[in-house]
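Take the position in the sequence shown, starting the count at 1, then add 25; the result is the number in our numbering.
Reading through the structure tokens given below for one structure.
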Amino acid sequence: MIIGLRERFAIYYGTAIFVVIVVISTLMIFVFRAHFISLGLLGPDLRVLFTNAFIAVAVMFLPIGLVISYLVGWVIAKQLHSDRYTIIPHSDDPPALPTAMLEDEIQRKMNSIRDTVEKMRQGYDQIQPFSINASHELRTPLTIMRGEVELALRSEKKTDEYQRILGSLLEEILRLSRILDDLLLVAKSYTGQIDLEHQPINLKTLLEDLADEVEMFTSQFGITFVLGNVQPAVIHGDALRLRRVLLNLIDNATKYNHEGGTVTLSMNRDEEWAYIRVEDTGIGIPEDALDKIFDRFYRLDQDRSRSKGGTGLGLYIVKWITESHGGEVLVESTYKVGSTFTLKFPLAES
26 MIIGLRERFA IYYGTAIFVV IVVISTLMIF VFRAHFISLG LLGPDLRVLF
76 TNAFIAVAVM FLPIGLVISY LVGWVIAKQL HSDRYTIIPH SDDPPALPTA
126 MLEDEIQRKM NSIRDTVEKM RQGYDQIQPF SINASHELRT PLTIMRGEVE
176 LALRSEKKTD EYQRILGSLL EEILRLSRIL DDLLLVAKSY TGQIDLEHQP
226 INLKTLLEDL ADEVEMFTSQ FGITFVLGNV QPAVIHGDAL RLRRVLLNLI
276 DNATKYNHEG GTVTLSMNRD EEWAYIRVED TGIGIPEDAL DKIFDRFYRL
326 DQDRSRSKGG TGLGLYIVKW ITESHGGEVL VESTYKVGST FTLKFPLAES
């Protein structure tokens, strides 16, 4: 005899519902009966009539109550349990399958649901602080731009003052553009789609061209930039994306450094790989956080990160773009001493 798991649970739920209905109905009848007696509305004869009428109605509606209870139980079972079957032994049936198999399947389903809920919770925990940070990052440049425009419209200005205002507006527009680029890249990472060019890239030229721009940036924070030893190396990839990776690393190495500190960019190679290193003398990363820093929206120090700006996406983008080039990101750090990020890329074949 084969009974579906859903039918079994429907019977269980239906029986429980029916018992609850009967108990509640009986209690209500006796409560009303006692209330009417206390008010003097039921004499001895009416009490007997009341009791007999209750019994007659109960017998009449008993089948209907059973059917309704089973239907409600079926609906509940349909929502909570998959349509799987177990074997209940019968005289004409072959030996039953072990019930342990059914219990294992139910346990697997429960574990799957638990894992899904946990992932949803973790996603919410990540998105919530990101929403706050992103709102702050988007609002700040807009507020600055509004203030500069209002200042320009308030009265006549000299040419150099207008140029300063326009320069400030351009800087904030670029800042907004970088934030939106980060969000767009993350959106693409969810779908696994990224538009990469696959052109030969001379890494030595890329790093040397980047050095002049980076030096001006780091000097604003009182940080010394050093271009170390750079060996010739060629890889296949997207130069703009790789430039973005390096700028993200240097930006972090600068903002989370000590005044008077150093950021060093260098590169060496072996027969198969090119190794680009960004070293800093900054605050370092605690050992227990090293496996989290590449997560989406993760920020090591919320208060300091917010004051320095950023959305918590920089290192996630570094890792994602590097791995999209067939590479790998390695990190070594000593807390309160400094960090070294190494980008490992496969060399182009000769």
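For glycine and all other residues, C-beta sits at the position ideal for the given N, C-alpha and C.
Predicted model only: the values in this text are computed from it and were never measured.
Look at the alpha carbon of residue i and the alpha carbon of residue j, and state the distance between them as a whole number of angstroms.
| i | j | result |
| --- | --- | --- |
| residue 358 | residue 365 | 6 Å |
| residue 8 | residue 318 | Past the edges of the chain, shown from 26 to 375, lies residue 8, and the structure says nothing about it. |
| residue 196 | residue 207 | 17 Å |
| residue 259 | residue 135 | 51 Å |
| residue 277 | residue 193 | 22 Å |
| residue 189 | residue 239 | 22 Å |
| residue 338 | residue 177 | 34 Å |
| residue 373 | residue 137 | 43 Å |
| residue 321 | residue 209 | 13 Å |
| residue 143 | residue 242 | 42 Å |
| residue 180 | residue 200 | 27 Å |
| residue 166 | residue 133 | 50 Å |
| residue 186 | residue 360 | 44 Å |
| residue 348 | residue 223 | 14 Å |
| residue 251 | residue 225 | 26 Å |
| residue 363 | residue 263 | 29 Å |
| residue 211 | residue 183 | 43 Å |
| residue 345 | residue 296 | 24 Å |
| residue 274 | residue 343 | 8 Å |
| residue 146 | residue 323 | 15 Å |
| residue 325 | residue 173 | 33 Å |
| residue 164 | residue 191 | 19 Å |
| residue 198 | residue 244 | 22 Å |
| residue 312 | residue 202 | 33 Å |
| residue 175 | residue 168 | 11 Å |
Which residues bound the beta strand (DSSP E) around residue i?
| i | result |
| --- | --- |
| residue 180 | Taken as a continuous stretch (DSSP letters only), residue 180 belongs to no beta strand (DSSP E), as it is neither H nor E. |
In the DSSP assignment, find the alpha helix (DSSP H) that holds residue i and state where it starts and stops.
| i | result |
| --- | --- |
| residue 233 | 228-244 |
| residue 270 | 264-280 |
| residue 341 | 339-349 |
Got a sec? Which residues, its chain only, sit under 6 Å from residue i by beta carbon, not counting five neighbours each side?
| i | result |
| --- | --- |
| residue 281 | 307, 308 |
| residue 367 | 300, 302, 355 |
| residue 340 | 318, 319 |
| residue 246 | 279 |
| residue 227 | 259 |
Where DSSP assigns a beta bridge to residue i, which residues make up the other side?
| i | result |
| --- | --- |
| residue 413 | Residue 413 lies beyond the range of the chain shown here (26 to 375); nothing can be said about it. |
| residue 252 | 290 |
| residue 198 | Residue 198 pairs with nothing; no bridge assigned. |
| residue 307 | Per DSSP, none; premise fails for residue 307. |
| residue 259 | 227 |
| residue 364 | 305, 358 |
Under 8 Å Cβ to Cβ from residue i, same chain only, skipping five residues before and after it: list those, please.
| i | result |
| --- | --- |
| residue 283 | 306, 307, 308 |
| residue 352 | 368, 369, 370, 371 |
| residue 24 | A question about residue 24 goes unanswered here, because the residues of the chain that appear run from 26 up to 375. |
| residue 236 | 250, 252, 290 |
| residue 221 | 262, 263, 266, 349, 350 |
| residue 315 | 356, 358 |
| residue 310 | 318, 325, 356, 358, 360, 364 |
| residue 272 | 235, 239 |
| residue 128 | none |
Taking 8 Å as the CB-CB cut-off, is residue i touching chain C?
| i | result |
| --- | --- |
| residue 267 | Given the protein chain composition of this structure (a single chain), no chain C is represented. |
CB-CB under 7 Å to residue i, same chain, minus the five flanking residues each way: which ones, in chain order?
| i | result |
| --- | --- |
| residue 286 | 248, 305, 306, 307 |
| residue 140 | none |
| residue 170 | 194, 197 |
| residue 126 | none |
At least 3 beta-carbon pairs within less than 8 Å: the stretch 283-295 vs the stretch 246-256: Contact holds: three or more Cβ-Cβ distances are below 8 Å.
Under 8 Å: do the stretch 267-274 and the stretch 227-241 share three or more Cβ pairs, one atom per stretch? Yes: the two stretches touch, three or more of their Cβ pairs being nearer than 8 Å.
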